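Novice:
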Amino acid sequence: MEDASLDSNEHRLALVTGAGGFIGSHLVDELLARGWRVRAVDRRSPSGDSLAARNLAHAIGSPRFAFEHVDVAGPHLGELLAEVDAVFHLAAATGVRGSWGKNFASYVQDNITATHQLIEQCERAGVPRLVVASSSSVYGGAAGGASSESGAVRPLSPYGVSKLAAEQLALAYAARRDAATQVVALRFFTVYGPRQREDMAIARMLNAVRTGRAMRLYGDGSQRRNFTYVSDVVAALVRAEHTALTGRAVNVAGPATLSVRELLELVAEVTGRSVPFVEVAARSGDPEATEADFELSRTVLAYRPQVWPREGIAAQWEWMHHNGTRGHA
Numbered sequence: 001m002e003d004a005s006l007d008s009n010e011h012r013l014a015l016v017t018g019a020g021g022f023i024g025s026h027l028v029d030e031l032l033a034r035g036w037r038v039r040a041v042d043r044r045s046p047s048g049d050s051l052a053a054r055n056l057a058h059a060i061g062s063p064r065f066a067f068e069h070v071d072v073a074g075p076h077l078g079e080l081l082a083e084v085d086a087v088f089h090l091a092a093a094t095g096v097r098g099s100w101g102k103n104f105a106s107y108v109q110d111n112i113t114a115t116h117q118l119i120e121q122c123e124r125a126g127v128p129r130l131v132v133a134s135s136s137s138v139y140g141g142a143a144g145g146a147s148s149e150s151g152a153v154r155p156l157s158p159y160g161v162s163k164l165a166a167e168q169l170a171l172a173y174a175a176r177r178d179a180a181t182q183v184v185a186l187r188f189f190t191v192y193g194p195r196q197r198e199d200m201a202i203a204r205m206l207n208a209v210r211t212g213r214a215m216r217l218y219g220d221g222s223q224r225r226n227f228t229y230v231s232d233v234v235a236a237l238v239r240a241e242h243t244a245l246t247g248r249a250v251n252v253a254g255p256a257t258l259s260v261r262e263l264l265e266l267v268a269e270v271t272g273r274s275v276p277f278v279e280v281a282a283r284s285g286d287p288e289a290t291e292a293d294f295e296l297s298r299t300v301l302a303y304r305p306q307v308w309p310r311e312g313i314a315a316q317w318e319w320m321h322h323n324g325t326r327g328h329a
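Heads up: the sequence shown runs through residues 1 to 329, numbered per the UniProt record's numbering.
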C-alpha cells in the first residue's frame, strides 16, 4: 500500500458498510492506518458474531474506531451520516448459487433496496463521496476478450443482476444536476486473501490441502478468472475516494488471469501438497471466463495491481495456519 500523509486524514470521518466482512474489515484497518476516523456499520456485531469479532480484532480498541450494529436497509442509517466525509458501501448479499429461486428476495433487499436507501440518505446528509462495491458478475463473462466499462453487461445470475441494479441506481443519482454526493462504483474481479469467505475457490483449495478432505471442482477446471488480492482492492477503494471522477463504474482486477486447473497447480506448489478434489457438474450462473480491461482504472485511479497470485496465495495459506479457515463476505 502506498504512503499517505496521516495529518491530512486526521479529522476525516469514513463510514464503512459491511465493515465486519472480508473486504470491509481490511478497508477499516487501512483507513485507521492512514489516520482516518472510522464509523463501521454491519448487522453482524463483533459482540455476537465470531467472524466479525475476528475480522475487526485489529480495529476494536482504537480510539478512532466506532462500531454501529445497524442494517443498511433499516431506518437508522441516516443518523450515522452526520459529518461523514466518505462512505464505502461494501455490505451485500453475496454468492451466485444462493441467488436463484426464492432466495432472490434477500438479494433484492440487501443489494438493491439497501443501496437505494443509502444513496438517498447520503444525499440528504450531503455526504461528499460514496464508493460502491460492484462486481465483475455484471459482465457475465469475457468470451470475446477483456471486459471494459463501456462494453456490454449481461449478468448470468440473479446475483449479477442485483449488483448491476445496485451500481446503476447509485450512478443514476450521481448523474443528476443537483446531486450532492459524488459516486464511483468499483467492479471487483474475484477477490481473495486472508479472511476470504470459506466457500470461495482459493479458500476451498487451501482448506482441502489443510484437512485432506476433497473439495468439489465445479466443471472441468477450464474456467478462467482474473484473481485480485485484497490489498489491491483496498488500494483502489482508497484511491476512488479522492478521485475527481463521478457517475462511473471502474474495473478493479489483479495482474493475472488463471484457469481453475492452473490455480490448483499453483496452490500445490505453494503448499507443497496436491489439492484433493472431486469433479461435479458446473454451476448455473458461473461464467467461463472473466478478464478486466484496465485502461480506465489506470487513467482515473492510477491503479496498478501489486500482488501476483503466488505471493497472494502464500500469504493466505500462512494466515490460515494462524487463524483457521472460516471467513465471510
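Just so it is clear, CB atoms sit at the ideal spot from N, CA and C, and this is done for glycine as well. If you're wondering where the values come from, they're calculated on a predicted model, not measured in any experiment.
Considering phenylalanine 88, what are the terminal residues of the alpha helix (DSSP H) in which it resides?
Specialist: Careful: phenylalanine 88 lies outside any alpha helix (DSSP H), inside the beta strand (DSSP E) at 86-89.
Novice: Determine whether the beta carbon atoms of arginine 34 and leucine 13 lie at a separation below 7 angstroms.
Specialist: No, the pair does not count as a contact, with Cβ atoms beyond the cut-off.
Novice: In angstroms, rounded to a whole number, what distance separates the CA positions of alanine 315 and valine 233?
Specialist: Approximately 15 angstroms between the Cα atoms of the pair.
Novice: For asparagine 9, name the three-state secondary structure that DSSP assigns.
Specialist: Three-state result, asparagine 9: helix.
Novice: State the Cα-Cα distance for the pair histidine 116 and lysine 163, rounded to the nearest angstrom.
Specialist: Rounded to whole angstroms, histidine 116 to lysine 163 spans 12 angstroms at the Cα level.
Novice: Distance check for tyrosine 173 and leucine 263, CA to CA, integer angstroms please.
Specialist: Whole-angstrom Cα-Cα distance: 40 angstroms.
Novice: Taking glutamine 182 as part of the beta strand (DSSP E), name the residues at either end of that continuous run.
Specialist: Note, glutamine 182: beta strand (DSSP E), 182-188.
Novice: Is the beta carbon of phenylalanine 67 closer than 7 angstroms to that of alanine 40?
Specialist: Cβ atoms of alanine 40 and phenylalanine 67: closer than 7 angstroms.
Novice: Mind checking whether serine 148 and threonine 290 have CB atoms under 7 angstroms apart?
Specialist: Going by C-beta atoms, serine 148 is not nearer than 7 angstroms to threonine 290.
Novice: Does threonine 181 pass the burial test, meaning 16 or more other C-beta atoms within 10 Å, or should it be called exposed?
Specialist: Buried: at least 16 other Cβ atoms inside 10 Å.
Novice: Provide the residue span of the beta strand (DSSP E) that contains alanine 165, from first to last.
Specialist: Looking at the DSSP string, alanine 165 is not in any beta strand (DSSP E); the run it does join, the alpha helix (DSSP H), is 158-174.
Novice: Assess contact between the stretch 300-310 and the stretch 225-239, defined as three or more Cβ pairs (one per stretch) separated by less than 8 angstroms. Is contact present?
Specialist: Taking 8 angstroms as the limit for Cβ pairs, the verdict is that the stretch 225-239 does touch the stretch 300-310.
Novice: I'd like the list of long-range same chain contacts for alanine 142, defined as Cβ closer than 6 angstroms, with 5 residues on each side in sequence excluded.
Specialist: Excluding sequence neighbours, alanine 142 sits near Ala289, Thr290 and Glu291.
Novice: For proline 155, tell me which candidate among Gly48, Glu123 and Trp100 has the shortest Cα-Cα distance.
Specialist: Of Gly48, Glu123 and Trp100, the residue nearest in Cα terms is Trp100.
Novice: Can you give the beta carbon distance from valine 260 to leucine 217, rounded, assuming they're within the 8 angstroms contact cut?
Specialist: The pair is a contact, with the Cβ atoms about 7 angstroms apart (cut-off 8 angstroms).
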